[in-house]
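*Asks:* Input: one structure, supplied below.
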Amino acid sequence: MSNTPVIGVLALQGDVREHLIALAAADAVARPVRRPEELAEVDGLVIPGGESTTISKLAVLFGVMEPLRARVRDAMPVYGTCAGLIMLADKILDPRSGQETIGGIDMIVRRNAFGRQNESFEAAVDVKGVEGDPVEGVFIRAPWVESVGARTEVLAEHGGHIVAVRQGNALATSFHPELTGDHRLHALFVDMVRANRAAESL
Numbered sequence: 005m006s007n008t009p010v011i012g013v014l015a016l017q018g019d020v021r022e023h024l025i026a027l028a029a030a031d032a033v034a035r036p037v038r039r040p041e042e043l044a045e046v047d048g049l050v051i052p053g054g055e056s057t058t059i060s061k062l063a064v065l066f067g068v069m070e071p072l073r074a075r076v077r078d079a080m081p082v083y084g085t086c087a088g089l090i091m092l093a094d095k096i097l098d099p100r101s102g103q104e105t106i107g108g109i110d111m112i113v114r115r116n117a118f119g120r121q122n123e124s125f126e127a128a129v130d131v132k133g134v135e136g137d138p139v140e141g142v143f144i145r146a147p148w149v150e151s152v153g154a155r156t157e158v159l160a161e162h163g164g165h166i167v168a169v170r171q172g173n174a175l176a177t178s179f180h181p182e183l184t185g186d187h188r189l190h191a192l193f194v195d196m197v198r199a200n201r202a203a204e205s206l
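Structure representation (structure tokens):
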């Protein structure tokens, strides 16, 4: 079995191309995923930023929401950025009408917590598990994590708020690492997928 993992990017909305490029740079085979049959062929999945309500509705429309929930329950590695973090939350503080999440991380999130689009900013973030200099975080209408459960590990904070978490095979950041050219977080996720594949093949 090739040790190069196949990682999908949920291609319903958001920075799909940038994530595909970052994953390829981190030595994964990267491909867009829109439908259940495409989801079935990947070892892990990135859920990009965008508008979490729209992603939620499109995931239902494309018939991929339930298969996604099932794969996440079965411990498929998944990484959510910005809106993707919201999608992986077990609970949203201020959900829009009809908004659903995939779940998978025991956390409560607040949408648009860092402000509107025109209040977007960049900041250096120390992320546990990422060696070297801090990661440059791009925060665009970013959520933050209000609280986490006992099984969820906090990987980073900014301004006193949680902005990166991990629970088992699920990773999530409030910010967009795919926009900076720094692929260390994607490399961390690729390593998670590799480790999961190795464990499954035993």
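In the working numbering, each number is its position in the sequence shown, counted from 1, plus 4. All C-beta atoms, glycine included, are put in the ideal place defined by N, C-alpha and C.
#1: Are three or more beta carbon pairs between the region 188-198 and the region 28-38 nearer than 8 Å?
#2: If you draw a straight line from the C-alpha of leucine 189 to the C-alpha of glycine 102, how long is it?
#3: Can you have a look at proline 181 and say buried or exposed, based on whether 16 or more other CB atoms are within 10 angstroms of its CB?
#4: Could you give the distance in angstroms between the alpha-carbon of valine 1 and the alpha-carbon of arginine 114?
#5: In this structure, does DSSP put glutamine 17 in helix, strand or coil?
#6: When the Cα of glycine 164 is compared with those of Val149, Ala174, Arg73 and Val82, which residue comes out closest?
#7: Take glutamine 121 and list the residues in its own chain whose beta-carbon comes closer than 8 Å to its own, dropping the five residues that flank it on each side.
#8: Can you grab the Cα-Cα spacing for the pair glycine 119 / valine 142, in whole Å?
*Replies:* The structure says:
#1: The region 188-198 vs the region 28-38: in contact.
#2: Cα to Cα, the separation comes out at about 31 Å.
#3: So proline 181 ends up on the buried side.
#4: With the chain represented from 5 up to 206, any question about residue 1 goes unanswered, as that position is not in the structure.
#5: Here glutamine 17 sits in coil by DSSP.
#6: Nearest neighbour of glycine 164 by Cα position, chosen from Val149, Ala174, Arg73 and Val82, turns out to be Val149.
#7: Ile144 and Arg145, listed in sequence order.
#8: C-alpha separation (whole angstroms): 13 Å.
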